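Reading through the structure tokens given below for one structure.
Residue numbers (the numbering used here), protein chains in the order written: chain A, 35 to 263; chain B, 422 to 524.
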């Protein structure tokens, strides 16, 4: 498959996630202005930080004048799970020049990773040399959608009606991505462990529950596959 | 520190986290257990994102029919397992979601 076709594949795969991300982007824009962040800075944050939950937190912390160290630490904790995505795609990007690695790392969000990963795995089986174009497609698609949504929030102050429940597109799309990947008992065990841990630890601050739940899933999956191997 | 300085620091932290293993690839010899964990990242990380969205309402576990997200999510899980079709999974999930909410 050519580079362009792979880029389009990644872009298409991220589209349903944009439906769920858009309301968050718009609300972020509105919240940022309300906490006294200038419009230009609020917009720029979507490029410079480019991480939904971290931007919400920063907007709130900036509003109350929280210390820099605390804000930076909180952002680090919230985004910790992205290290897992980094580890997951790293072997598939090993052959690339550094500028590609920098760009794809910058674009590595929950949504871009989720949309690309099933295609990356199947691409690795036939032709790995152009797999990175898939990740660029999903990464760019999400980035562009996030900028547009933020802009809408900042400029129009517009709110997509929260009652529509459009954000539900995120878990639904993740379900559509994850369920077909559960092809063994070890995978199922990993999913159940992650789900149970995430629900039990949902009260932890800075989304640490998500990170710990992912680790629990990894551990259970790996142990299970060793038991049965 | 200005909001701009704060943004740059936080952007840098976020980037370093995302770049970490991508940058390290080839510079370290991953241990066998590390390699064995990697295939589980997509399923474990994404399921962790989904489960609280379906099961929790205002911080508590809600299993009743009033929790539209749970039942819509379960229908989506069955649909995804049966047909492996993204559009169908999302469409059915939203249909059940709106139906149970009474739109």
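C-beta atoms are modelled at their ideal positions from N, C-alpha and C, and glycine is treated no differently.
Quantities reported herein were computed from a predicted structural model and do not represent experimental measurements.
* Asked: What's the call for residue 144 of chain A, buried or exposed, on a 16-neighbour Cβ count within 10 Å?
  -> buried
* Asked: At what residue ranges does the region 100-127 of chain A contain a whole run of the beta strand (DSSP E), taking only runs of 3 or more?
  -> none
* Proximity test, Cβ basis, 9 Å: residue 125 of chain A and chain B -> yes
* With 9 Å set as the bound, which would you pick, yes or no: does the beta-carbon of residue 170 of chain A sit closer than that to a beta-carbon of chain B? -> no
* Buried or exposed: where does residue 482 of chain B fall if 16 or more other Cβ atoms within 10 Å of its Cβ makes it buried? -> exposed
* Asked: Is residue 434 of chain B near residue 251 of chain A, with beta carbons less than 9 Å apart?
  -> no
* Is residue 441 of chain B close to chain A, meaning its C-beta is less than 9 Å from at least one C-beta of that chain? -> yes
* Beta-carbon proximity check, residue 245 of chain A vs residue 118 of chain A, cutoff 9 Å -> Yes. Within cutoff.
* DSSP state of residue 63 of chain A, grouped into three classes? -> In the structure shown, the three-state DSSP call for residue 63 of chain A is helix.
* Contact list for residue 520 of chain B against chain A, beta-carbon separation under 7 Å -> None at all; the shortest Cβ gap to chain A is about 12 Å.
* Asked: Any idea if residue 36 of chain A is buried or exposed, counting beta-carbon neighbours within 10 angstroms, 16 or more meaning buried?
  -> exposed
* Asked: Which partner residues does residue 446 of chain B have in the DSSP bridge list?
  -> B:449
* With 16 other CB atoms within 10 Å as the buried threshold, where does residue 498 of chain B fall? -> buried
* **According to DSSP, residues forming a beta bridge with residue 478 of chain B** => B:481
* Taking the alpha carbon of residue 185 of chain A as the point to measure from, which residue in A:75, A:221, A:138 and A:201 has its own alpha carbon closest? -> Looking at the Cα atoms, A:75 is the closest of the given residues.
* Asked: Thinking C-alpha only, which one of A:40, A:69 and A:82 is nearest residue 177 of chain A?
  -> A:82
* To do: Rounded to whole angstroms, what's the CA-CA distance from residue 513 of chain B to residue 449 of chain B? Just pull it up for me.
  => 45 Å
* To do: Could you work out which residues of chain B lie near residue 166 of chain A, taking near to mean beta carbons separated by less than 8 Å?
  => Here the premise fails: no neighbours, minimum Cβ distance about 11 Å.
* Can you name the residues of chain B whose CB is closer than 8 Å to the CB of residue 259 of chain A? -> 457
* In chain B, which residues lie less than 7 Å from residue 58 of chain A when you measure between Cβ atoms? -> Within chain B, no residue comes near residue 58 of chain A; the closest Cβ sits about 13 Å away, beyond 7 Å.
* Same chain only: Cβ atoms within 7 Å of residue 105 of chain A, ignoring 5 sequence neighbours per side -> 92 and 95
* Could you spell out where the alpha helix (DSSP H) holding residue 187 of chain A opens and where it closes? => Residue 187 of chain A -> no alpha helix (DSSP H), and no H or E assigned at all.
* Taking Cβ positions only, does residue 508 of chain B come closer than 9 Å to chain A? -> Cβ-Cβ to chain A under 9 Å: yes for residue 508 of chain B.
* Below 8 Å on the Cβ atoms is my guess for residue 60 of chain A versus residue 187 of chain A; work out the distance and round it to an integer in Å. => 4 Å
* To do: Using a Cβ cut-off of 9 Å (strictly closer), state whether residue 486 of chain B contacts chain A.
  => no
* Taking C-beta pairs closer than 9 Å, name the residues in chain A that residue 497 of chain B reaches, listed in chain order. => Result: 205, 206, 209, 210 and 213.
* Taking only beta-carbon atoms, is residue 523 of chain B less than 9 Å away from chain A? -> no
* Please check if any C-beta of chain B sits within less than 9 Å of the C-beta of residue 98 of chain A. => Look at residue 98 of chain A: its C-beta is not under 9 Å from any C-beta on chain B.
* To do: Could I get the ranges of all uninterrupted alpha helix (DSSP H) runs contained in the region 191-241 of chain A, with 4 residues as the minimum, in chain order?
  => 203-212 and 219-234
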